[in-house]
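J.: All the letters of the sequence shown, read from the start, carry residue numbers 5 to 270 under my numbering.
I am attaching a structure below and will ask some questions about it afterwards.
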Amino acid sequence: MYKYDLHCHTREGSVDAKLGIVTYALMLKNLGFSGMLVTDHNSYRGYNYFNKKRKNNELPHGLKGFRVFKGIEYDSGDAGHVIIILPDGEHIPVLEVRGLDISELAEIVHRHSGIIGAAHPFGTGYFAITNTRIYRKNPEIMRCFDFVEGYNSGLNKKSNRKAVAFGKKLKKPMTSGSDSHNPVRVGSAFTVFDKKITDNNSLIEAIKCNKVVEFSGKFHLEMTKKKNPMLVKLGIVGYVVYNKVGKIIRTNSRRKLLKHYYYEIR
Numbered sequence: 005m006y007k008y009d010l011h012c013h014t015r016e017g018s019v020d021a022k023l024g025i026v027t028y029a030l031m032l033k034n035l036g037f038s039g040m041l042v043t044d045h046n047s048y049r050g051y052n053y054f055n056k057k058r059k060n061n062e063l064p065h066g067l068k069g070f071r072v073f074k075g076i077e078y079d080s081g082d083a084g085h086v087i088i089i090l091p092d093g094e095h096i097p098v099l100e101v102r103g104l105d106i107s108e109l110a111e112i113v114h115r116h117s118g119i120i121g122a123a124h125p126f127g128t129g130y131f132a133i134t135n136t137r138i139y140r141k142n143p144e145i146m147r148c149f150d151f152v153e154g155y156n157s158g159l160n161k162k163s164n165r166k167a168v169a170f171g172k173k174l175k176k177p178m179t180s181g182s183d184s185h186n187p188v189r190v191g192s193a194f195t196v197f198d199k200k201i202t203d204n205n206s207l208i209e210a211i212k213c214n215k216v217v218e219f220s221g222k223f224h225l226e227m228t229k230k231k232n233p234m235l236v237k238l239g240i241v242g243y244v245v246y247n248k249v250g251k252i253i254r255t256n257s258r259r260k261l262l263k264h265y266y267y268e269i270r
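See the structure below:
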């Protein structure tokens, strides 16, 4: 059996992460993991940093055999956070500019044989698909997704149980990830396959064909402690504002990249 963390944030790629990718990978390897999916926010910088070190033979010997896969956690314009995995060799610059709506985003990803998953579907606020207006108005929007994150270490047991029931109801493959932004959560969630995953292509195939043997994790005190309801509500409102303002600010960049993208695929 082979164990992977399929939701990881790194200091090199996510502004809110505190752990460098090399240290992160070493920690997971020492905990018996076979690999990790880098899912930085709207960025491939963490993965690119690691890949450059790999090509220059600058990685520690202790990482021999450990696989690091290229993914991204994208801030969609209307459906919260989604995890995107593209095949090896595929790079779509517009995926690094937040704000695409889910229908267009899924169309682009699927055109390139990639997959898209609903991250923490019962998380707090509008970064979770089930809390969005588009889902409440049209639950069929879930057809856009190829998989559901059934377990996320940043959520409580109730939220994860609801996510698992959600995935089963939709008959979608389910994965698990720590969503770690700091050393405390590293290794706190895992997705198990019965065959070793060697690259993005085999990871996509394993998820699409529902080859997940097990997905689960464990809780830490920081994830179970009660939070001030007012602070939670402020956080939700803050994310809505952040999402809408960010989408507006990046409009021109997104339009230019989309124009270039559609020109290239003609």
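Note that CB positions come from ideal geometry on N, CA and C, so glycine has one too.
Rounded to a whole number of angstroms, what is the C-alpha to C-alpha distance between L225 and E77?
T.: Counting from 1 along the sequence shown, the entry for residue 225 is found at position 221. Counting from 1 along the sequence shown, the entry for residue 77 is found at position 73. Only weak support exists for where L225 lies, its pLDDT of 44 falling under 50; the value from the coordinates is given anyway. Cα to Cα, the separation comes out at about 25 angstroms.
J.: Alpha carbon to alpha carbon, how far is P125 from H95?
T.: Start at 1 with the first residue of the sequence shown, and residue 125 comes out as number 121. Start at 1 with the first residue of the sequence shown, and residue 95 comes out as number 91. C-alpha separation (whole angstroms): 26 angstroms.
J.: Kindly list the residues whose CB is nearer than 7 angstroms to the CB of R15, restricted to its own chain and excluding five residues on each side of it in sequence; keep chain order.
T.: Along the sequence shown, one-based indexing puts residue 15 at 11. Cβ within range, chain order: A21, K22, L23, G24.
J.: How would you label M5, buried or exposed, when you count the other beta carbons within 10 angstroms and need 16 or more for buried?
T.: Working through the sequence shown from its first residue, we reach residue 5 at position 1. Per the 10 Å Cβ criterion, exposed.
J.: Once the 5 residues before and after L10 are set aside, which same chain residues still bring their CB inside 7 angstroms of it?
T.: What you label residue 10 is simply residue 6 of the sequence shown in a count that begins at 1. Hits under 7 angstroms: L41, T179, S180, G181, T195.
J.: What are the start and end residues of the alpha helix (DSSP H) that includes R165?
T.: Within the sequence shown, numbered from 1, the residue matching residue 165 stands at position 161. R165 -> alpha helix (DSSP H) spans 161-174.
J.: When you compare only the Cα positions, how much space is there between V249 and G81?
T.: By 1-based counting over the sequence shown, the position of residue 249 is 245. By 1-based counting over the sequence shown, the position of residue 81 is 77. Looking at the two C-alpha atoms, the distance is approximately 10 angstroms.
J.: Using CA coordinates, which residue listed in A83, C12, P64, M234 is at the minimum distance from Y51?
T.: As a first step, residue 51 is located in the sequence shown; it is residue number 47 there, counting from the start. Considering only alpha carbons, the answer is C12.
J.: Threshold first: 3 residues or longer. Then list the beta strand (DSSP E) segments lying entirely within the segment 20-73, N to C.
T.: Listed in chain order, the complete beta strand (DSSP E) runs (minimum 3 residues) inside the segment 20-73 are 39-42.
J.: Quick one: Cα of A123 to Cα of G66, how far?
T.: Translated into positions along the sequence shown, residue 123 becomes position 119. Translated into positions along the sequence shown, residue 66 becomes position 62. If you take the alpha carbons of A123 and G66, they lie about 30 angstroms apart.
J.: For Y266, collect the residues of the same chain with a Cβ closer than 6 angstroms to its Cβ; drop the 5 residues on either side in sequence, then sort them by chain order.
T.: On the sequence shown, position 262 is the one that residue 266 refers to. None.
J.: DSSP on N186, reduced to helix/strand/coil?
T.: The count along the sequence shown starts at 1 and reaches residue 186 at position 182. Three-state result, N186: coil.
J.: Apart from the five residues on each side of it in sequence, which residues of its chain come closer than 6 angstroms, Cβ to Cβ, to C148?
T.: Within the sequence shown, numbered from 1, the residue matching residue 148 stands at position 144. Once the five neighbours on either side are set aside, the close Cβ partners of C148 are I106, A110.
J.: Does G158 pass the burial test, meaning 16 or more other C-beta atoms within 10 Å, or should it be called exposed?
T.: Translated into the one-based positions of the sequence shown, residue 158 becomes position 154. Buried, because 16 or more other Cβ atoms sit within 10 Å of the Cβ of G158.
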